[in-house]
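The opening residue of the sequence shown carries number 36 in the working numbering; numbering runs sequentially from there. Have a look at the structure below, then the notes.
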Amino acid sequence: MPHEVHAVVAAKRGAPVELRTIVVPDPGPGEVLVAVQACGVCHTDLHYRDGAISEEFPFLLGHEAAGVVESVGPGVTDLAPGDYVVLAWRAPCGSCRSCRRGRPWYCFDSRNAGQPMTLLDGTPLAPALGIGAFAEKTLVAAGQAVKVDPSARPEAAGLIGCGVMAGYGAAVHTGGVGSGDTVAVIGCGGVGNAAIAGASIAGARRVIAVDIDDRKLDGATRFGATHTVNSRGTDPVEAVRGLTGGHGADVVIDAVGRPETYRQAFSMRDLAGTLVQVGVPDPDMRIELPLIDLFSRGGALKSSWYGDCLPSRDFPVLIDRYLSGRLDLGGFVTETIALDEVESAFDKMRDGRVLRSVVVL
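If you want it as structure tokens, here you go:
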């Protein structure tokens, strides 16, 4: 029997989101129905609301979620009602050319639920990142629901479903930060602080946080930054070089995603250093760099898509680190809110007043 639940819907480009009643079907083959307990408010949700990702309105927003499996569809054998899960927007298919080559974190055919969730009049909803979890219940592919330790608080656990995993993975997986490395992270929002935490856990000797907001820089030290640079009044490239013996950092992570921060990251690398872009740029942004510098500096320029993660492998590990006190997931939660407060949470996000607002149901 279909389920009528409350959910946050972006009906048209740039308009305030609405709390609507939607219809969620029972799970079909390979699908699971999840009762959502908490869902973080991510910048990606704001991009959907503003039409910066696609024009497939109306959108069912929310994707950074934890909850409990309520029922499973035919063919689902590794999940059962009552399982505590974090939702992932990557569910490797196992059969594409990337999966067959042993690189499922680059899967080209990630799985989503096949049945649509709809408005009461039958209008199909496009779920954000294939999830749509600003809702009391949501329908996902079984591979998107990753079992984790049920003792983790849902408002903290859900954050590894997107922002924390993206930043942490940018440092650990994409950047390959290792013991003794020097690391600089530009942008100290949720993703940037997760990169700082990942670099610290991976054994970086020096982790330099770069931002234009002293409040964010103060917060970055909580996640493992050893040094901070306010780039509003200081040349961040020279500052990072000064903190690394004049050489530059081994790994620089751009968690902002703007041409100016990318150029800064490019220049503050050591010779043969690695630049990782994990901040999401606007589609119309362009970058121009001298080709001779690309050639002569060596190293690697990488983009990190979801932290190059494999959710089934990485989510339980991050939850274990949270529960052991090594990863401060709770530190990312600025406030908890209700479903009808998502629009105001977007305002706080734009103003830089929060790391994460988290909807608790």
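Ideal Cβ placement from N, Cα and C applies to all residues, glycine included.
Closest to L353 by C-alpha separation, out of E370, G202, C74, R125, would be which residue?
Comparing Cα-Cα distances from L353 to each of E370, G202, C74, R125, the minimum goes to G202.
From which residue to which residue does the beta strand (DSSP E) around K172 run?
172 to 176
Going by Cα to Cα distance, which pick from E91, M320, F330, S235 is closest to G204?
S235
Quick one: what's got a C-beta closer than 6 angstroms to R48's C-beta in the same chain, skipping five residues either side?
G86
Taking DSSP as the reference, what is the three-state secondary structure of K337?
strand
Where the beta strand (DSSP E) containing R55 begins and where it ends:
Under the DSSP assignment, R55 falls in the beta strand (DSSP E) whose first and last residues are 53 to 59.
With distances taken Cα to Cα, identify the nearest neighbour of A176 among T209, P185, V107.
V107
Identify every residue that forms a DSSP beta bridge with T217.
According to DSSP, which records beta bridges pairwise, T217 is partnered with R241.
A100 (DSSP reduced to helix, strand or coil)
Here A100 sits in strand by DSSP.
Check this for me: beta carbons of L194 and F367, under 7 angstroms apart or not?
yes
By how many angstroms is the C-alpha of P151 removed from the C-alpha of V103?
20 angstroms
Quick check on I372: does DSSP put it in helix, strand or coil?
Judged by DSSP in its simplified three-state form, I372 adopts strand.
For the alpha helix (DSSP H) holding K383, just list the boundary residues, first then last.
377 to 385
Looking at the unbroken alpha helix (DSSP H) that takes in V199, where does it start and where does it end?
198 to 204
Would you mind working out which of V394, A229, I243, S338 sits nearest R356, comparing C-alpha positions?
A229
Tell whether a beta-carbon distance below 7 angstroms holds between C77 and E99.
Between C77 and E99, the C-beta spacing is below 7 angstroms.
Closest residue to R259 among V286, I231, G277 (Cα-Cα distance):
Checking the displayed sequence, the identity of residue 259 turns out to be Gly instead of Arg. Nearest of V286, I231, G277 to G259, Cα basis: I231.
Using the beta-carbon count (16 or more within 10 Å), is F143 buried or exposed?
exposed
Only counting the same chain, and skipping five residues up and downstream in sequence, which positions put a Cβ closer than 7 angstroms to that of L174?
V59, P60, P62, E66, L68, A148, Q150, M152
How many angstroms separate the CA atom of V207 from the CA atom of G157?
Looking at the two C-alpha atoms, the distance is approximately 43 angstroms.
Taking only the alpha-carbon atoms, compute the straight-line gap between M303 and D285 and give it to the nearest angstrom.
9 angstroms
Euclidean distance between Cα positions of G268 and A300
17 angstroms
My parser needs the beta strand (DSSP E) runs of 3 or more residues fully inside the segment 286 to 350; what are they?
Listed in chain order, they are 304 to 312, 335 to 338.
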